[in-house]
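Here is the structure we will look at.
There are 4 protein chains.
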Amino acid sequence: MNNKISKIGVFTSGGDAPGMNAAIRAVVRACTYYKKECYGIMRGYEGMIEGDIVKLGARSVGNILQRGGTVLKSARSAEFRTPEGRKKAYDNLTKLGIEALVAIGGDGTFTGLHKFYQEYQIPSICIPGTIDNDLSGTDYTIGYDTATNTAVEAIDKIRDTALSHNRLFFVEVMGRNSGYIAINSGIAGGAAAIIIPEENMSFDDLYKILGADKDTSKKSNLVVVAEGSKIGDAHSLAKQVAERSSYFDIKVTVLGHLQRGGSPTYFDRVLASRMGVAAVEGLQEGKYDVMVGIKDNKIVYNNFDVIMASHHEIDEESRRIAKILSI
Amino acid sequence: MNNKISKIGVFTSGGDAPGMNAAIRAVVRACTYYKKECYGIMRGYEGMIEGDIVKLGARSVGNILQRGGTVLKSARSAEFRTPEGRKKAYDNLTKLGIEALVAIGGDGTFTGLHKFYQEYQIPSICIPGTIDNDLSGTDYTIGYDTATNTAVEAIDKIRDTALSHNRLFFVEVMGRNSGYIAINSGIAGGAAAIIIPEENMSFDDLYKILGADKDTSKKSNLVVVAEGSKIGDAHSLAKQVAERSSYFDIKVTVLGHLQRGGSPTYFDRVLASRMGVAAVEGLQEGKYDVMVGIKDNKIVYNNFDVIMASHHEIDEESRRIAKILSI
Amino acid sequence: MNNKISKIGVFTSGGDAPGMNAAIRAVVRACTYYKKECYGIMRGYEGMIEGDIVKLGARSVGNILQRGGTVLKSARSAEFRTPEGRKKAYDNLTKLGIEALVAIGGDGTFTGLHKFYQEYQIPSICIPGTIDNDLSGTDYTIGYDTATNTAVEAIDKIRDTALSHNRLFFVEVMGRNSGYIAINSGIAGGAAAIIIPEENMSFDDLYKILGADKDTSKKSNLVVVAEGSKIGDAHSLAKQVAERSSYFDIKVTVLGHLQRGGSPTYFDRVLASRMGVAAVEGLQEGKYDVMVGIKDNKIVYNNFDVIMASHHEIDEESRRIAKILSI
Amino acid sequence: MNNKISKIGVFTSGGDAPGMNAAIRAVVRACTYYKKECYGIMRGYEGMIEGDIVKLGARSVGNILQRGGTVLKSARSAEFRTPEGRKKAYDNLTKLGIEALVAIGGDGTFTGLHKFYQEYQIPSICIPGTIDNDLSGTDYTIGYDTATNTAVEAIDKIRDTALSHNRLFFVEVMGRNSGYIAINSGIAGGAAAIIIPEENMSFDDLYKILGADKDTSKKSNLVVVAEGSKIGDAHSLAKQVAERSSYFDIKVTVLGHLQRGGSPTYFDRVLASRMGVAAVEGLQEGKYDVMVGIKDNKIVYNNFDVIMASHHEIDEESRRIAKILSI
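Protein chains in written order, with full-length UniProt numbering: chain A, 1 to 327; chain B, 1 to 327; chain C, 1 to 327; chain D, 1 to 327.
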C-alpha cells in the first residue's frame, strides 16, 4: 500500500455521461474512507490550467448520485494539448499539493492524462465515463446502460406511431465509432435492421431485409442506425429507400443529445460507485497510467497502451440474435 | 333522447396521439352501457372506403387504456376527398347498418367528417385527438398533456448536458402552427427564450435575450423552438446565432416523432374517457356535426363552423410568465 | 400598486409536494423582476422561529425547477402554535426587515399564516402546495398532477402482474380526506371500483361490483382505495373480500410516500410558476390573508375564511364516468 | 444437431417478471428460424393439465417485446404436484405432438419441470425468469434489472421527501430469500444501511450505523430492507428504532408488487432474447433437464442438480462498496 498519497484531484472531461456524478461521489467518499483529501477540478483540463479547483468532503457530494451530467462540469481544452498548458496545470496541482489524479472520461481524456503522466509522472488513473461503450479494457463504460435505455424508451414511443400509421422509421442513435448503443437498442426495440459501423452491410442488403421491392412487405418497421454508420446516416438511408421504393411512408428521427442526460440507471450508479472506489484503491496500490475496467464483473486495471491498442468489439452473438429475432 | 341510433362506428384519423386508445375504449364501453352496438373502422377513412370494419365489445378494448398509438390505426386518405370515395364509404356503412360516426382526430379529420355529414346526413361527432392543442372549442385536445411532458422530460435530459458543458441548446418541439407545446414545455423546462408562431419575436429580439453579443452572458442556456416558428427552425436559428456570435458552444436537437407516442398521462386518459362517453351521449341527444370539447372543466359541443372559424389562442399570461421567469 | 413592500420571505410548510421548488423559483424570480429582495425561510415556521433565513437571488434558484421535494425544507412546528413561538418568529422577520410572507403548503400552513396575520398584520399570501387537491378556492393544487401520474404509473405496473396471474389487487393511494387522486388514478388506471371518502359506497356495493359471489366473475381486477376511505383501508377491504369469497387471488399494495416525490410534470411546473408570480403580484396589489388559486385557468385570490368554509368537491361527472367505463 | 424435434411448447410459470414476453417472443421466433412449430401453453402447468394450448407464429408475438407481465399468463398449480396431474399434462402434449418444452420461471418452475422430465423423459429446458436473481448458474435472471431500476426510481422519489422533511425512511424491497435487489438498489439509492438475508447484521449494528443514540446524527436517511431480512421487516425495524430513539421522524414504505411489472429495460429484453434463442438451440443440441444461464456474458447450460445445489451468492465487494459509500 502506497499510503503516501494524501491529496487526490478528480475531474470529468469529454462528453458528459449519466453516472459521472455517482463516480465523483464514490471517489470523494473513498478518499474520506481512506483518510485522504480530495479536490474537485472544474471543467476538466481547462479548470486545471486555470486553477479552478475546490476542496470536496463527503457531504459536498450528498444528493448527486441520482443526477445526470457532472457537477464538476466538463470541457474540451485546446490549451492542454500544448506543453505550456500542461505546465500551468502541473503548477496549479503542485501549489495545492495534489499528488494524484482521477480522470473520468473517454479516450480523449485518457490520452491527455497519459501525456501528462509521461511528462510529470503524476500518479494518475482513468475511469471510463462515456455513453459510447467504445473502450477496450472494460465490458461497460459509465453511462452506456442509461443511454441505451433512453434510446429504447424513445424507440418504444416511435413504434407506437409507426404501428398506428404503418410507417417505416429510421432512428439514429449515438455511439460515435461504436455500434453498441445501436445493436442493443435495436435488439431491445425490435428493429427490422440495425446499421453499425462494425458490420459490412451494404445498402442493397438493407433494401432486401426491408423487402422494399415488394408491396407485400411489412409496412410498419424500424431501422436503427448508429451514428458511425458507414453506408450513410439515417436521413441519407431514408432518402435512398424512398428513391428506389414507393411502398413506404418513411420518417426519420435523430435522437441526439437527450441520450447523454437523465438520471442514471441502477447499473450505471453501481458501476460508477465501484469504479470510483477502485480508482482510489488503485492509486494506493501504485497503479498508474491505467484505466479502471470491469471484466466479467470483476474490477481490472489496464495500462494505457493496452486500452488504446484495440477496439471494443461487438460480439458475433449479438449480431446473430438480431438477425434471428427480426424474422 | 334519440335512442333510435343503435349502431355506432368509431375511427381514428390524422396524426396519432397518446390517449386515442383511451378514447376508443370509452366510446365502445359507453355503447355497451347504452346498449348500442359499436364498430371499429380501421385506418380512418381508408378503412371506411375499403370496408375494413370490425365489431367491438367491452372486452375487445380491455388493456388498451394505457397504450400509445391507436389500435384502430390511422391513415390519411386521398380517396375520401373525392365524391366517389365518400360514396364507397357510405355504402360500406349502410351495408353494416352503421347509423352514426365518432371520429377521433384533428382539424383535417373534422373537415372530412363535416363534408361527409353535409352529403349524407349521417349523424357524426368529432373528438379532438391531436398533440398540437390547436383546436378552438376545447381547452385541451387528447395527447397534448402527454406530448408536453415527453418534451419536458427530453429537455430535462438535454439540460443536464447543457449545464455540464456550458452549452446553448436549441430544442425544436412539435405543434404544427400552434405554439402550445413550445410555450408550456419552455416554461416548464426553464428556457431562456421560447419561439412560437403566435408571437412576433424577431431574430434580433432573440439575440438580445441571449445576450449573445457579450462574453459575460449566461453560457448554458436553452431555447425552445416551435415547429411552426416564423423566424426559422431550430437548425436555422442556431446557425444564425453562431454566425454572429462566437461566445457560444451551440447544439441542436429536434425531438421529432417520439412526442407522438408513449403511454398517456392520467390527464389525457381521463380527458379521453370523458370525451369518449360524451361523444356517444351527444349522438343520443341529436348533436351532429359538432366537436366534443372541454371548457373550464365542463363538456361542451361546438358546431363545425364555430371550431374552424378561429385559432386556439395562447393566453397573454403564459407569455408574460415565460418572460418573468427567464430573468 | 403597493410598491412599498421591498422584502419578501418565502417558505414551504406541511407535507412536501412536487412543484414546490418551481413555486419557490417563481417567487424569487418575480421578486427580482419587480425589484424586491427575497428571503428563504428554512423548514417552515420552525426556521422562522429559529431565524434560519437566507437571502435568495435569481441564480440561487437555478436548476431547481425540475426537482421534487423542497430546497427550503419543510417541517411541522408545534411551537408556532403558541403565542410565544409566533412572537419569536415575528421578531426574526422584523430584525431582517421582511415585510411580507409567501407560504407554500396546505390547509395547516394556511391556518398558521392566518393566525399570524391576525396578530401581526404582516401582509401574507398562501400558495396551495399539496398532492391532496383538497383545497376549495382552486381547481388544482401544486403536486396533485404529478402524484396522480405517479399513482397511475404504479397501477400500470401492478396491472401487468394482475393480468398475468388473474389476480385481484387493492391499491391504496394518498389524499388524506380527499378522493381526488383516487378517482382520477382509478379512471386512468381502469379500476373496477374506486373507494373515495366523498361517496357512500358500502362494502356490499363493492362486493357486488366485483361479482365476488360468482365463479364467473372477472378474476383479474383492480380496486383503488383512497387513504380516506370510510369503509376500511386497502388491507381491511382485501381481508373482508377474502373472508366472504374464495374466488379470488387477492394482493394489496399501499403506494405510500413515493407519491410525494419525483420530478414534477409540466402541468405542476407551469401551475407553480404561475402561482409563484401571482403571489408576489398579489402582495403588491394589497391582497393579504388570501390564497392564490386557479379557477377555469385564471388566477384568483380567495380569502382565508372562504377557503376554509368548504370542501373541494369531486364532481358528479367523474363518478359517473368511472361507473360507465368499469363495465 | 437433433433436428428431430419439430414441435416445441413454451410456457411461463411462477411469479411474473418483466422480460418474460421478450423471452416468449425469442423462443417463438427461434422456432420459426429453425423451422419448428411452436405452441404456447397458457397459465403454466395449469394450462398444460387443462389442454389450454395455442399455436404461435412469428406474427403472434409482434409488439409484445416491450410489455411487462406475460401474454401466456402464469399460475401456480397444485395439481401438477400429483402424478395424476402430470399424467394429464403429458397426455395433452402427446395429443398435440409437442415433443419438447421450454419453461420460463424460477426454481419452483424448474423443480416441476425436472420431476416431469424424470418421469416422461420429455426434452425440456428452463429459462430463469424471476426478479429475485436467486438462481445459481446464471449471473442474471430475467426481470431483475428492471425490478432493481423500479426500486431505485421509487427510492429516488422517497429521498425527495426524506430530504425535505429530515426523515428516516425504511424501504422494503422484494427478492424473497435473496438480497440482490436490496443491495444494488441500496447502493444506487445511496442508502445509509442495507439489510439483506445473506449478512449477519444485528439490530444493534443497524442502530449504531444510524447513530440513533445521538442527536447529532444525520436525520434524513434511508434504510433498504430486503423482503428476506432475518432481523425483522421494514415495519418491525422502524418500530424498534422508534422505541429506542426519539431523534428520528420515521416512515415506512413497502414497495410491493409494482416491482414485478413495467416495461422491461434494454438489459432484460436483450437477456431474454438471448436466452430464448439459446433455449431452442439447446434443445436442438440435446441439452435436456438444464437451465440456460449467462456467465461472464456467455450463454451456459447447467444441469438441474447443479443449479439447485447452491445459492446465488452476493459478492463480498458489493457489501464493501455499500459500506464505504454510506460514510
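Cβ atoms here follow ideal geometry from the backbone N, Cα and C, with glycine treated the same way.
For T12(B), does the three-state DSSP call read helix, strand or coil?
strand
Between T161(D) and G69(C), which are expected to be in contact by the criterion C-beta below 8 Å, what is the C-beta distance as a whole number of angstroms?
6 Å
Of the residues that make up the stretch 46-77 of chain C, which ones have a beta carbon closer than 8 Å to any beta carbon in chain D?
R67, G68, G69, T70, K73, S74 and A75
Beta-carbon neighbours of D139(A), restricted to chain D and to distances below 8 Å:
N297
Less than 8 Å between the beta carbons of A17(C) and L65(C), yes or no?
no
Residues of chain A with CB closer than 8 Å to the CB of D156(D), please, in chain order.
Q66 and S263
According to DSSP, is L255(D) helix, strand or coil?
coil
Distance, I314(D) Cα to M291(A) Cα
25 Å
Scan the stretch 157-236 of chain B and note each continuous beta strand (DSSP E) run of 3 residues or more that stays entirely inside, going in chain order.
168-173, 193-195 and 221-226
Can G189(A) and D156(A) be called in contact, C-beta distance under 8 Å?
yes
Could you tell me if N200(A) is buried or exposed, where buried requires 16 or more neighbouring beta carbons within 10 angstroms of its beta carbon?
exposed
K36(B) classed as buried or exposed, judged by whether at least 16 other C-beta atoms fall within 10 angstroms
buried
Counting only C-beta atoms, is T161(C) closer than 8 Å to chain D at any point?
yes
Using CA atoms only, rank isn't needed, just tell me which of K7(D), L168(D) and I131(D) is closest to T94(D).
K7(D)
Between which residues of its own chain and G85(A) is the CB-CB distance below 6 Å, once the five residues before and five after are set aside?
I49 and E79
Count the other CB atoms, across all protein chains shown, that sit within 10 Å of the CB of D204(B); report buried if there are 16 or more and exposed otherwise.
exposed
If you draw a straight line from the alpha carbon of I327(A) to that of Q240(A), how long is it in whole angstroms?
23 Å
What are the start and end residues of the beta strand (DSSP E) that includes M291(D)?
V290 to K295
Between which residues of its own chain and V300(D) is the CB-CB distance below 6 Å, once the five residues before and five after are set aside?
G293
What residues from chain B crowd round N184(C), counting only those whose CB sits closer than 7 Å?
Y266 and V270
Please name the residues in the stretch 274-289 of chain A whose beta-carbon is closer than 7 Å to at least one beta-carbon of chain D, in chain order.
R274 and V277
Tell me which residue opens and which closes the alpha helix (DSSP H) that K298(B) is part of.
Element bounds for K298(B): not the alpha helix (DSSP H) but the beta strand (DSSP E), K298 to N303.
In angstroms, rounded to a whole number, what distance separates the CA positions of S236(C) and V252(C)?
10 Å
Under 8 Å between beta-carbons, which chain D residues line up against T32(A)? List them in chain order, please.
I327
For E317(C): DSSP bridge partner residues
DSSP output for E317(C) lists no bridge partner at all.
Runs of 3 residues minimum, wholly inside the stretch 87-132 of chain B: which ones carry the beta strand (DSSP E) assignment?
100-105 and 124-128
Cβ-heavy atom distance between D296(D) and the ligand FAD below 7 Å?
Looking for the ligand FAD in the displayed structure turns up nothing, as the structure carries no ligands at all.
Name, in chain order, the residues that DSSP records as bridge partners for L56(D).
C38(D)
Using a C-beta to C-beta distance shorter than 8 Å, which residues of chain A count as neighbours of residue 333(B)?
Residue 333(B) falls outside the range modelled here, since chain B spans only 1 to 327, and no answer is possible.
Where K4(C) sits in the DSSP three-state scheme
coil
Look up I24(B) in the DSSP assignment and say whether it is helix, strand or coil.
helix
Beta-carbon proximity check, T130(B) vs G14(B), cutoff 8 Å:
yes
Would you identify the three-state DSSP class for I250(C), choosing helix, strand or coil?
strand
Where I142(C) sits in the DSSP three-state scheme:
strand
Let me check one thing: in DSSP terms, what residues is H311(A) bridge-paired to?
L135(A)
Closest by CA to G51(A), which one among L96(A), D145(A) and I324(A)?
L96(A)
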